[in-house]
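Below: the structure, in structure tokens.
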Amino acid sequence: MSPTGVRTRITAAALIERRFDINRALIPCAGTGSRMRSVTDGAPKELLALGGRPALERALHECWLSQVPQAVVLVGPGKEAITEWVRGKAGTPGMPASITVMEQPSPRGLADAVVRARELAPAEPLAVILPSHLFRGDRPALAQVIGTYHKTLHSVVGLVEARAAIAATRGAVPVVEGRLMGEEFEFRRIPDPGVVGGQLPIGAVPLTIVGRAVIAPDAFQAIDAVLRAAPPEAEVDLVPAFQRMLARGQLAGRLVRGRFVDLSVPEGYADGQEAFAQG
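Residues -10 to 268, numbered by the numbering used here, are exactly what the sequence shown covers, in order.
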């Protein structure tokens, strides 16, 4: 084989290896679930069954479908039922090969959750799945977001059309600003946490952030800075870190296709039962 042929084969192998370098997904289950207590009666909302399968099981199965071999389930105080449920699930059909349970001692939010999961592999990208945000569709939501990461090698945030999120949450949602090109989204502005609505050009499709993401290794500097600036024990969302990443040109968006279900509100449970009625 010619030297040129050898170089081509090595380059292709390196590209393939780089393409499948997302080995771990964080599934945060540490929230208090206060808005869902009328449905859960105090049990973890992540164990609510939809079509006979708990939401957490669906999130773990999405990892497996998205070819992510390791999952980190982050629990908080009072979530022992999740730890017990996870026991023995790793490596079973349709589940990730490895499932690690970590604890978040106090509800410090998603930014803290991501930093805790980073300890397992500091130099690798980290996928994030919120088990309260589920999708029913032909292609796994996480796989769609990972596809954009492979194209950009930047951190990627999942998005849905705002009207779908409004229907799921029964309330107004924050709308991001930017340009949608097919399924890829180029951010111009991300509103602050708690700010709903947004200004869009006429004819633009309003989009909002949902619980699917890939956090690239270069994003942790922004996350660390946001945590340092927050008051001690404050609950810190990832949105301020996303804003910092955007300012540095290190953030991309992905419109996630599929029916969106939001289990963070009671109305979403009925929607989820309907969406997953066929299993």
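Ideal Cβ placement from N, Cα and C applies to all residues, glycine included. Just so you know, these numbers come straight off a predicted model, no measurement behind them.
{"Asked": "Check the C-beta distance from R125 over to A264 and give it rounded, since I have them as a contact under 8 Å.", "Found": "5 Å"}
{"Asked": "May I ask you to verify whether the stretch 68 to 88 touches the stretch 105 to 117, counting CB pairs closer than 8 Å and requiring at least 3?", "Found": "no"}
{"Asked": "Rounded C-beta distance between L198 and V165? I'm assuming under 8 Å.", "Found": "For the record, residue 198 in the displayed sequence is Ile; it is not Leu. So it is a contact: roughly 7 Å between Cβ atoms."}
{"Asked": "Kindly give me the distance between the Cβ atoms of A205 and H139, rounded to whole angstroms, as I take these residues to be in contact under 8 Å.", "Found": "At roughly 11 Å, the Cβ-Cβ gap does not stay under 8 Å, so A205 and H139 are not in contact."}
{"Asked": "DSSP three-state label for Q59, please.", "Found": "strand"}
{"Asked": "What is the rounded straight-line gap between the Cα of C52 and the Cα of G257?", "Found": "22 Å"}
{"Asked": "Could you tell me the alpha carbon to alpha carbon distance between G200 and D30, rounded to whole angstroms?", "Found": "24 Å"}
{"Asked": "Can you say whether G41 is buried or exposed, counting buried as having 16 or more other CB atoms within 10 angstroms of its CB?", "Found": "exposed"}
{"Asked": "Which residue from P96, P43 and H50 puts its Cα closest to that of W74?", "Found": "P43"}
{"Asked": "Per DSSP, F249 forms a beta bridge with which residues?", "Found": "F124"}
{"Asked": "Kindly indicate which three-state DSSP category E166 falls into: helix, strand or coil?", "Found": "strand"}
{"Asked": "If we call anything under 9 Å between Cβ atoms a contact, is A252 one with G261?", "Found": "According to the sequence as given, residue 252 is Leu; it is not Ala. Going by C-beta atoms, L252 is nearer than 9 Å to G261."}
{"Asked": "Check I16 in the structure and name its three-state DSSP category.", "Found": "strand"}
{"Asked": "What distance in whole Å lies between the Cβ atoms of L119 and P17, which are believed to be in contact at a cut-off of 8 Å?", "Found": "6 Å"}
{"Asked": "Enumerate in chain order the residues of its own chain whose CB-to-CB distance from L235 is below 7 Å, with the five nearest sequence positions on each side excluded.", "Found": "F176 and I179"}
{"Asked": "Which residues does DSSP pair with I204 in a beta bridge?", "Found": "L115"}
{"Asked": "Check M234 in the structure and name its three-state DSSP category.", "Found": "helix"}
{"Asked": "Measuring alpha carbon to alpha carbon, tell me which residue in E224, G242 and Q232 is nearest D101.", "Found": "E224"}
{"Asked": "Mark M170 as exposed unless 16 or more other C-beta atoms lie within 10 angstroms of its C-beta, in which case mark it buried.", "Found": "exposed"}
{"Asked": "Counting only the same chain and skipping the five closest in sequence on each side, list residues whose C-beta sits under 6 Å from that of I191.", "Found": "Low confidence applies to I191: its pLDDT is 47, below 50, so where it sits in the model is not reliable, and the reading given next is rough at best. Excluding residues within five positions, none has a Cβ falling inside 6 Å."}
{"Asked": "Counting pairs of Cβ atoms below 8 Å between the stretch 144 to 153 and the stretch 54 to 71, do you hit three or more?", "Found": "no"}
{"Asked": "Here's the rule I'm using: 16 or more other beta-carbon atoms within 10 Å means buried, otherwise exposed. How should R217 be labelled?", "Found": "exposed"}
{"Asked": "Take the Cβ of V250 as the centre, count every other Cβ of all protein chains shown within 10 Å, and call the residue buried at 16 or more, exposed below.", "Found": "buried"}
{"Asked": "When you compare only the Cα positions, how much space is there between V174 and P66?", "Found": "A quick correction: the sequence has Phe, not Val, at residue 174. Straight-line Cα distance between these residues: approximately 37 Å."}
{"Asked": "Does DSSP put L36 in a helix, in a strand, or in coil?", "Found": "helix"}
{"Asked": "Look up A153 in the DSSP assignment and give the residues it is bridged to.", "Found": "DSSP, once it has assigned bridges, lists no residue as partnering A153."}
{"Asked": "Between the beta-carbon of T137 and the beta-carbon of R243, is there less than 9 Å?", "Found": "yes"}
{"Asked": "Roughly how many angstroms separate the alpha carbons of P195 and V184, rounded to a whole number?", "Found": "14 Å"}
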